[in-house]
Amino acid sequence: MTDMLENLTFDELAVGQGGSLSRTLTAADIHDFARVSGDVNPAHLDAAYAAATPFKVVIGHGMWSGALISCLLGTRFPGPGTIYLEQTLKFHRPVHVGDTVTVTLTVLEKEERRKKVVLDCQVANQDGVVVVSGQATVMAPTVKVVIPRPEL
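In this text, residue positions in the sequence shown follow full-length UniProt numbering: the first is 1, and each later residue adds one.
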């Protein structure tokens, strides 16, 4: 990862332009997401319980994939200064520990007056299978920002 965060302003965005990021789901991610969200559904945390579900194994939280969309919007595309207004999501397939997902956002529409941008959102696993899809509406930044990435 780069040490800097740099946005794309409304004027720098064009219909059809896109951005992406990839991340591999770990057991630690599932535990961290459960801790932060409070979603301790045993389908995500208990292998014995998960064995009796249709998925047969522990699966990642669906909103973990949604959080990756938020990550891309807020850090890279368009990046710092983006205001998240709306999101639709459809969950197609589970994400398992060890799966690498790629989030791809593509500009569908731009509205000059409010600097709104509608983006197609696709999350696909390492096999190219779409696991989550939807649309996001944001207010894109109007001022260029290049700042150090915060350390966590």
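Using N, Cα and C, we set each Cβ at its ideal position, and we do this for glycine too. All values reported here derive from a predicted model rather than from experimental measurement.
Three-state secondary structure assigned by DSSP to residue i
| i | result |
| --- | --- |
| residue 46 | coil |
| residue 72 | helix |
| residue 109 | strand |
| residue 151 | coil |
| residue 136 | strand |
| residue 128 | coil |
Range of the contiguous alpha helix (DSSP H) that encloses residue i
| i | result |
| --- | --- |
| residue 59 | Run containing residue 59: none; DSSP gives neither H nor E here. |
Sub-7 Å separation of residue i and residue j beta-carbons
| i | j | result |
| --- | --- | --- |
| residue 48 | residue 40 | no |
| residue 106 | residue 18 | yes |
| residue 24 | residue 142 | no |
| residue 38 | residue 95 | no |
| residue 13 | residue 140 | yes |
| residue 100 | residue 122 | no |
| residue 68 | residue 36 | no |
| residue 90 | residue 20 | no |
Per-residue burial, residue i [other beta carbons within 10 Å of its own, 16 or more giving buried]
| i | result |
| --- | --- |
| residue 77 | buried |
| residue 92 | exposed |
| residue 85 | exposed |
| residue 44 | buried |
| residue 119 | buried |
| residue 27 | exposed |
Residue range of the beta strand (DSSP E) that includes residue i
| i | result |
| --- | --- |
| residue 28 | Not the beta strand (DSSP E): residue 28 falls in the alpha helix (DSSP H), residues 27–37. |
| residue 116 | 116–124 |
| residue 85 | 83–91 |
| residue 18 | 18–24 |
| residue 6 | 4–6 |
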